[in-house]
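Peer 1: In the numbering used here, the protein residues as written are 780 to 1535.
Beta carbons are placed, not taken as given, at the ideal position from N, Cα and C, and that holds for glycine.
All figures in this text were calculated on a predicted structure; none of them were measured in a lab.
Before we start, here is the structure in question, set down as structure tokens.
Structural data, given as structure tokens:
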């Protein structure tokens, strides 16, 4: 494969020599100066061609080195992004602690920031990651318009009184001394919360939304990010001092949903934390107020009433148009009165009264509603409403209390298709008195419950989903009774209990692998209630020396928030929610995939640059070889021989043999140049084809090993548009085509003469 300029130079020399040979054939002589001028010009053209090809070969070599450096950088970015994604993904577990999730985010951010910005972060500026810069603040997910000062750390908000402000909003990070007074919203000693009355509040996308009362605005919707500046009235939905009836605050799809009632009309609202985006979506129900808002996958389930089908279970996708009746469990205008809505997996479990009477267990999902089991057939209730009744989510299903005529009230498990009885703690048809929703907790596939049996009053038991029941004892083998306030947090289930032979009760940590309980120091006769799980810790309140205080407990023991009188309730606002963690892991995995594509593009660009380098270097070598052959050919001597032959021809003293030999020698000199150039071109093309075949073979091997996916084809341009082209413009639109060669021939007259 030879360039056009090389061929032109060779052809110019060939034409000059052809003319000389033709004139020799007629007895005329071409002067050596004419031939030498032509040859000198040809060698000058070849010298320029050599310099041009060498320059382009050098440029291709530099581009190849740059592409290799870029490929290495993209490869390193891919590994670090994937490592960050793996760290975050490993922390997305039900039993992951706050510290574990915080640590995963911090370490993933270090990996993210360690990538060279030229090849890494410049590809993903503004990405949906759960961290940004060194202060570990959060960027909000796309489409969620909240402030940037969201903490990546979980906070617990609670109402407390420091003696001068009344019950106002406080927050803590769960470590000693991290308590922060959010602000004295209603200035003065009155406070915006009432002691002992649970506030209307909910966490959504890292913010706390709550209903608070002031003299100027009445009861309206407020929001807080845990700072004074980030705590304010979100929207005065009923302007002035009049109050709004706000309820059902629920996080759904990264936003807050709630209802506001106006007499018998009820409206669905949505907010992303900005007043302008706190909007009324439309009327959602009439008559009885909607209640029991419960999220399962992409639907928000609730119970409400209409004039046509009574009080039934409904769901919404977040819009009024997407709100619908899930099923009319009790046909017509009669109501089924759904209760105990509990989400587990993609289902919502609840109890309802069917057409035949009797309250039984139902399950709802995308396909509709079905009766799980008619545990107590006929008009009698299988799952009666009572203080000892509960439904607890566990492993994609639920455990629940139900009664049938043969076993009385016992513990059952359902995955949504059938129900299995797990216990018969009181044999026969006699009921087992369970302790209700505050005396049950699930951790993995283990469930701790308290029940009054012959073993004692509210004895703690542990069972799995196959019905393997164990009684929980203290770690020194003593029996436990009066068990209450069950809570699962981190790797343990916590409960209050009294130990045989000891006075009073204390807090215990239960190891579900051994069904043993270990007492936590400092909790003697401390009646901790109102538990709020905080990663592997629990926030609770207790009456101590006649004053309601706030406490945190967990694997590291007990901590008391100093100096504050507790209002009695707390709420967790996750900064690093599971949704945010999962989104960040997805973003980093996509970054790793894009970096891998950019790495492949850089490697293929390196191969392409190598091909160009070989091509131009080969052209330079061919031109250099041609120049050497023209220089080495002793054309002047051959012309002298031809001139002598011409003289002999004119005098008739010699045959045409000598002249033919001279012409043949001249022709052979250029023919050797042509053949050498063609051989070099064929070799270069063979090397190029072999290189491409090897690249395809390596790609196929990678696919077979599972290291990449898709078919071998044009490289991805991911990332290249941000970095600029990996190869400079070498001045050619495509690889040059091989031009046609005109063969060097002996003049006709000499050929005829030599055969005579």
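(1) On a CA-only basis, which of 959, 867, 1110, 848 is nearest residue 937? Give me that one, please.
(2) Cβ of residue 1220 within 7 Å of Cβ of residue 1203?
(3) Between which two residues does the beta strand (DSSP E) holding residue 1242 run?
(4) Which of helix, strand or coil does DSSP assign to residue 871?
(5) Residue 996: which of 1379, 1371, 1016, 1003 sits nearest, CA to CA?
(6) Using the Cβ count rule (16 or more neighbours within 10 Å means buried), how would you classify residue 803?
(7) So for residue 1123, helix, strand or coil by DSSP?
(8) Count the CB pairs spanning the region 1292-1303 and the region 1311-1318 that are closer than 8 Å, and state whether there are at least three.
(9) Return the CA-CA distance between residue 1234 and residue 1305, expressed in angstroms with no decimal places.
(10) In this structure, does DSSP put residue 1091 in helix, strand or coil?
(11) Looking at the secondary structure, which residues open and close the beta strand (DSSP E) in which residue 1039 lies?
(12) Do you know offhand how far residue 977's Cα is from residue 1348's?
(13) For the pair the region 832-845 and the region 856-870, tell me if three or more CB-CB distances fall below 8 Å.
(14) Determine which residues share a DSSP beta bridge with residue 1078 and list them.
(15) Measuring only the C-alpha atoms, how far is residue 1259 from residue 1231?
(16) Among the candidates 944, 1110, 985, whose CA atom is the shortest distance from the CA of residue 935?
(17) Please state if the CB of residue 1227 and the CB of residue 1241 are separated by a distance shorter than 7 Å.
(18) Where does the unbroken beta strand (DSSP E) through residue 1182 begin, and where does it stop?
(19) What residue from 1471, 1080, 975, 1360 has the CA that sits closest to residue 885's CA?
(20) When the Cα of residue 1337 is compared with those of 953, 942, 1080, 834, which residue comes out closest?
(21) Quick one: what's got a C-beta closer than 7 Å to residue 1225's C-beta in the same chain, skipping five residues either side?
(22) Could you give the residue range of the beta strand (DSSP E) that holds residue 990?
(23) Determine the contact status of residue 1025 and residue 1011, defining contact as a CB-CB distance below 7 Å.
(24) How many Å lie between residue 1236 and residue 1261 at the Cα?
(25) Spatial neighbours of residue 961 within its chain, please: C-beta separation below 8 Å, excluding the five flanking residues on both sides.
(26) Using C-beta distances below 8 Å, list every residue in its chain close to residue 1137, excluding the 5 sequence neighbours before and after it, in chain order.
(27) Around the C-beta of residue 827, are 16 or more other C-beta atoms found within 10 angstroms, so that it is buried, or is it exposed?
(28) Name the DSSP bridge partner or partners of residue 940?
(29) What residues are listed by DSSP as bridge partners for residue 1049?
(30) Should residue 1380 and residue 832 be called a contact, given that it needs their Cβ atoms to be closer than 7 Å?
(31) Only counting the same chain, and skipping five residues up and downstream in sequence, which positions put a Cβ closer than 8 Å to that of residue 1110?
(32) Could you check the C-alpha separation between residue 1208 and residue 1182 for me, to the nearest Å?
(33) Using a Cβ-based criterion (distance less than 6 Å to any ligand heavy atom), does residue 1191 qualify as near the ligand FMN?
(34) Suppose the cutoff is 8 Å on Cβ atoms and the five residues either side in sequence are ignored; what does the same chain contact list for residue 1477 look like?
(35) Of the choices 1287, 889, 1105, 1385, whose alpha-carbon is the least far from that of residue 1257?
Peer 2: In short, the structure shows the following:
(1) For the purposes of this step, residue 937 is identified with residue 158 of the chain shown, where counting begins at 1. Checking every option, the nearest Cα to that of residue 937 belongs to 959.
(2) Here residue 1220 refers to the residue found at position 441 of the chain shown. Here residue 1203 refers to the residue found at position 424 of the chain shown. Contact flag unset, no.
(3) Here residue 1242 refers to the residue found at position 463 of the chain shown. That run of the beta strand (DSSP E) goes 1235-1243.
(4) Here residue 871 is taken as the residue at index 92 of the chain shown, counted from 1. Three-state result, residue 871: coil.
(5) For the purposes of this step, residue 996 is taken as residue 217 along the chain shown, with counting starting at 1. Ranking the options by Cα distance to residue 996, first place goes to 1016.
(6) Looking up residue 803 in the chain shown gives position 24. Only weak support is given to the placement of residue 803: the predicted model assigns it a pLDDT of 49, under 50, and the value that follows is read from those uncertain coordinates. Label assigned to residue 803: buried.
(7) Counting from 1 along the chain shown, the entry for residue 1123 is found at position 344. Note: residue 1123 maps to strand in three-state DSSP.
(8) The region 1292-1303 vs the region 1311-1318: no contact.
(9) Residue 1234 sits at position 455 when you count from the first residue of the chain shown. Residue 1305 sits at position 526 when you count from the first residue of the chain shown. Put simply, the backbone Cα of residue 1234 is about 25 Å away from that of residue 1305.
(10) In the chain shown, the residue the question calls residue 1091 occupies position 312. Strand, per DSSP.
(11) Working through the chain shown from its first residue, we reach residue 1039 at position 260. Boundaries of the beta strand (DSSP E) harbouring residue 1039: 1034-1041, taken from the DSSP string.
(12) Residue mapping note: residue 977 aligns to position 198 of the chain shown, counting from 1. Residue mapping note: residue 1348 aligns to position 569 of the chain shown, counting from 1. Their Cα atoms are separated by approximately 6 Å.
(13) No contact exists between the region 832-845 and the region 856-870.
(14) Taking the chain shown and counting its residues from 1, the one referred to as residue 1078 is at position 299. Paired residue(s): 1075.
(15) Residue mapping note: residue 1259 aligns to position 480 of the chain shown, counting from 1. Residue mapping note: residue 1231 aligns to position 452 of the chain shown, counting from 1. Rounded to whole angstroms, the separation of the alpha carbons of residue 1231 and residue 1259 is 12 Å.
(16) Numbered from its first residue, the chain shown carries residue 935 at position 156. Of 944, 1110, 985, the residue nearest in Cα terms is 985.
(17) For this step, residue 1241 is matched to residue 462 along the chain shown. For this step, residue 1227 is matched to residue 448 along the chain shown. Yes.
(18) Sequence index remark: in the chain shown, residue 1182 carries index 403 (1-based). It spans 1176-1183 - the beta strand (DSSP E) in which residue 1182 sits, taken as one unbroken run.
(19) Translated into the one-based positions of the chain shown, residue 885 becomes position 106. Taking each of 1471, 1080, 975, 1360 in turn and checking the Cα distance to residue 885, the smallest one comes out for 1360.
(20) Along the chain shown, read from residue 1 onward, the residue named residue 1337 stands at position 558. It is 953 whose Cα lies nearest to the Cα of residue 1337.
(21) Position 446 of the chain shown holds residue 1225. Only 1241, 1243, 1291 meet the Cβ criterion.
(22) As a first step, residue 990 must be located in the chain shown, where it is residue number 211. Run containing residue 990: 986-993, per the beta strand (DSSP E) assignment.
(23) Taking the first residue of the chain shown as position 1, residue 1025 is located at position 246. Taking the first residue of the chain shown as position 1, residue 1011 is located at position 232. Cβ atoms of residue 1025 and residue 1011: not closer than 7 Å.
(24) Position 457 of the chain shown, counted from the first residue, corresponds to residue 1236. Position 482 of the chain shown, counted from the first residue, corresponds to residue 1261. Between residue 1236 and residue 1261, the C-alpha separation is close to 6 Å.
(25) Your numbering for residue 961 matches position 182 in the chain shown. In chain order, 936, 947, 948, 949, 950, 1003, 1005, 1006, 1007, 1010 place their CB closer than 8 Å to the CB of residue 961, counting only its own chain and leaving out the 5 sequence neighbours on each side.
(26) Taking the chain shown and counting its residues from 1, one reaches residue 1137 at position 358. The answer, listed in chain order, is 1153, 1155, 1156, 1157, 1158, 1159, 1160, 1161.
(27) Along the chain shown, read from residue 1 onward, the residue named residue 827 stands at position 48. Result: exposed.
(28) Within the chain shown, the letter at position 161 stands for residue 940. BP columns for residue 940 point to 1344.
(29) Counted from its first residue, the chain shown places residue 1049 at position 270. Partner(s): 1036, 1058.
(30) Here residue 1380 corresponds to residue number 601 of the chain shown, with the count starting at 1. Here residue 832 corresponds to residue number 53 of the chain shown, with the count starting at 1. Not a contact, by the Cβ cut-off of 7 Å.
(31) On the chain shown, position 331 is the one that residue 1110 refers to. Take residue 1110, set aside five residues on each side of it, and the residues of its chain with a beta-carbon closer than 8 Å to its own are 1134, in chain order.
(32) As a first step, residue 1208 is located in the chain shown; it is residue number 429 there, counting from the start. As a first step, residue 1182 is located in the chain shown; it is residue number 403 there, counting from the start. Spanning the alpha carbons of residue 1208 and residue 1182 requires a straight line of approximately 9 Å.
(33) For the structure depicted, the ligand FMN is absent and the ligand set is empty, with no information on it obtainable.
(34) Reading the chain shown from its first residue, position 698 is the one you call residue 1477. Closer than 8 Å at Cβ, skipping near neighbours: no residue.
(35) The residue labelled residue 1257 in the question sits at position 478 within the chain shown. With distances taken between Cα atoms, residue 1257 lies closest to 1287.
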